[in-house]
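Residue numbers (mature numbering (1 follows the signal peptide of the UniProt record, and there is no 0)): -24 to -1, 1 to 166.
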């Protein structure tokens, strides 16, 4: 009888502890899988003219702000997700799908005193799926030119960061999501 009670107690204890052991801390494999889901977008500054450093700063700003997508400069043999040009017009982004498109650094905004890194980070925001939000607030990166020209904030706010991370989370990180987010090309003007 004593043996039977001891066996039941051991079985009960094992039954209660086993789920705790199975749930445990994430394994190195799970952590590696999460990192594997980060989508890398390659940008080409070969036509960016005098604004190359500003586009590199925009990539740095996004890379330190979000975790599910990273921007890297295009090298030999890598695909181009983001084509970058400079012209005498107004800055703009033409998106073809989430993470893909063409951006222009228009010199008009620069001539009007707008901060170059804010412009470039804003335009990349469109490629990352963010719309213009004409709030007029300097704290909102996607407020674009509705914020004063004196605004020097070139970082996305918490809501903008969260939205980009949400759009690039999980299966969307590796899939071509044209149908999910874009019916056709969209053009956003700073």
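Built from N, CA and C at the ideal position, the CB exists for glycine as well.
Given the structure is predicted, the values throughout are model-derived calculations rather than measurements.
- Between the segment 41 to 51 and the segment 82 to 91 there are fewer than three C-beta pairs closer than 8 Å, too few to call the two in contact.
- Per DSSP, reduced to three states, the secondary structure at residue 121 is helical.
- Per the C-alpha coordinates, the member of 120, 74 and 101 positioned closest to residue 110 is 120.
- Following the DSSP letters along the chain, one finds residue 78 inside the beta strand (DSSP E) bounded by residues 76 to 82.
- In the three-state reduction of the DSSP assignment, residue 42 falls in the coil class, being assigned neither a helical nor a strand state.
- According to DSSP, residue 17 shares a beta bridge with 47.
- Between residue 30 and residue 93, the C-beta gap is smaller than 8 Å, which places the two residues in contact.
- As the crow flies, the alpha-carbon of residue 58 is around 25 Å from that of residue 89.
- Here residue 49 is not near residue 91, since their CB atoms are 8 Å or more apart.
- The closest CA to that of residue 106, considering only 133, 113 and 80, is found on 133.
- Residue state for residue 30 is assigned as helix, using DSSP reduced to three classes.
- The secondary-structure analysis by DSSP pairs residue 138 with nothing; it has no beta-bridge partner.
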